[in-house]
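What follows is one structure encoded as structure tokens, with my remarks underneath.
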Amino acid sequence: MVTADNEVQSERKKTIVKVYDVTSKDHLMIENQFGNVNIDVWNRDEIRVDITIKASSSSDERVQKYLDAVEISEKRNGDQIVLKTIIDKSGFGGNWIMNRNKDGEKNYVQIDYQVSMPKTNALAVKNSFGNTTIPTFSAPLTINQQYGNFSTTELNGNQVDVDVRFGKADIHEMEDGKLNIQYSKLQLEKAKNINLNNQFGGMWIGEVGRLDGKIGYSGAKIGTVKQSCNIKLDFSGGFKIDQLNKSVDNVDIQASYSSVVLPMADVNDYNFDVTVSYGGFKYPSDGRIMMSAQPSDDDSRGPKMTKQYSGKVGKGTATKVRVTSKFGEVKFQ
């Protein structure tokens with residue numbers, strides 16, 4: 001490898017292979033940094049982990065120093081298998097974090113895990129400064145991802161806990177679980193039951209059955225809600241739900257310094273209760289909304305800061321939509 005300034009670049013790598021015979025009771029735990037974790041599943045009662053440590057620098061001596069600084073700790077205790085990347089940073093001063101692999105960087109070390117395992121064994125991954133990728137997975141799963149991205153095809157286990165910070169979470173399909181997304185973007189195509197915390201980022205959900213969430217300082221859009229949603233919004237502009245299925249039984253949104261847009265299509269029939277403080281409530285005047293209570297004209301012109309509206313959209317049903325908003329606008333469209 002030759003750099004732009006004609007310095008000869010030295011690159012070396014070493015591979016460590018770990019193989020474990022397992023039963024369905026065994027748990028795998030991986031803790032990595034400065035590299036990627038890629039999970040594949042297979043139909044063997046065996047877990048295989050290929051760990052590749054790659055280092056690059058302008059000198060052979062520094063390359064070897066990088067390789068020598070990396071240790072893979074291994075422990076098997078009962079039904080737990082633990083693999084952990086340990087890096088001795090003492091010989092690099094305060095510059096270690098700058099030595100990871102980026103385009104244009106000459107000095108880096110990268111530790112990648114390639115895992116093949118049964119899809120029914122529980123898995124926990126903690127990874128920083130790298131990406132984590134998982135295919136369809138049926139077992140309990142815990143993800144702690146920092147300064148990198150997490151992506152998966154389908155998570156259909158009943159114990160799923162995903163924490164992503166300073167990166168992106170891209171999930172195609174998910175059954176049940178918890179999502180904690182901070183300083184990151186969430187893209188979730190389809191989910192059944194989700195407990196969500198999204199702070200200082202952005203999110204898009206295509207379809208969700210039941211959603212219980214806290215959203216702060218994040219733009220948020222949801223395509224379709226099929227059963228219910230209970231959401232607390234803080235300082236989040238542009239919150240919007242495109243469609244409420246006829247099967248929805250409850251929508252409860254508490255918003256502060258946020259805007260809320262809810263659907264009022266021809267297929268929507270529901271009862272609503274909207275309370276706004278220091279904000280407004282807008283809706284079409286096409287006859288689809290029937291008010292049972294609203295501020296009087298005198299109240300509308302006066303200094304009253306809290307206003308309450310209740311009524312029904314269309315024919316009204318057992319579906320209840322409740323919005324409480326402070327310092328923001330609520331809109332039905």
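For the sequence shown, UniProt numbering gives the first residue as 1, with consecutive numbering after it.
Glycine residues also receive a C-beta, built at the ideal position from the N, C-alpha and C atoms.
Where the beta strand (DSSP E) containing residue i begins and where it ends
i      : result
Ala124 : 122–128
Phe150 : 149–155
Lys326 : 320–326
Thr133 : 132–134
Lys106 : Careful: Lys106 lies outside any beta strand (DSSP E) and carries neither H nor E.
Thr142 : 141–146
Cβ-based burial, residue i [other Cβ within 10 Å; buried from 16]
i      : result
Ala69  : buried
Arg210 : buried
Met174 : buried
Pro118 : buried
Ala55  : buried
Arg44  : exposed
Gln110 : buried
Asp286 : exposed
Ala318 : exposed
Asp163 : buried
Gly157 : buried
Asn121 : buried
Gln159 : exposed
Gly78  : exposed
Lys246 : exposed
Thr23  : exposed
Glu11  : exposed
Thr136 : exposed
Ser296 : exposed
Bounding residues of the alpha helix (DSSP H) (the contiguous stretch that carries residue i)
i     : result
Lys65 : 60–69
Cutoff 8 Å; reference residue i; Cβ partners in own chain excluding five residues on either side
i      : result
Val37  : Ile30, Asp112, Tyr113, Val115, Val125, Asn127, Gly130, Asn131, Thr132, Thr133
Gly302 : Its pLDDT being 48, under 50, Gly302 is placed unreliably by the model, and the measurement read from it follows with that caveat. Contacts found: none.
Same chain, Cβ closer than 6 Å to residue i, neighbours up to 5 away in sequence not counted
i      : result
Thr152 : Ile134, Ile171
Tyr20  : Ile47, Ile81
Gly213 : Leu196, Ile231
Trp42  : Ser116
Ala139 : Thr120, Asn121, Ala122, Gly157
Tyr309 : Val274, Phe281, Gln294
Phe332 : Leu262, Met264, Tyr283
Residues of its chain near residue i, where Cβ-Cβ distance is below 7 Å and the 5 sequence neighbours each way are ignored
i      : result
Asp252 : Asn230, Arg322
Tyr278 : Met305, Lys326, Phe327
Tyr147 : Ser128, Phe129, Phe166, Gly167
Ala4   : Reliability of the predicted coordinates at Ala4 is poor, the pLDDT of 33 falling under 50, and no value is obtained from them.
Any contact between the segment 161–179 and the segment 187–199? By contact I mean 3 or more CB pairs, one from each, below 8 Å.
yes
Restricting to runs no shorter than 4 residues, where is the alpha helix (DSSP H) found entirely within the segment 230–306?
297–301
Quick one: complete beta strand (DSSP E) runs, 3+ long, within the segment 22–49?
Fully enclosed beta strand (DSSP E) runs of 3 or longer: 27–33, 37–41.
Curious, which full-length beta strand (DSSP E) runs of at least 3 residues does the segment 184–226 contain?
Within the segment 184–226, the complete beta strand (DSSP E) runs of at least 3 residues are 185–199, 202–216.
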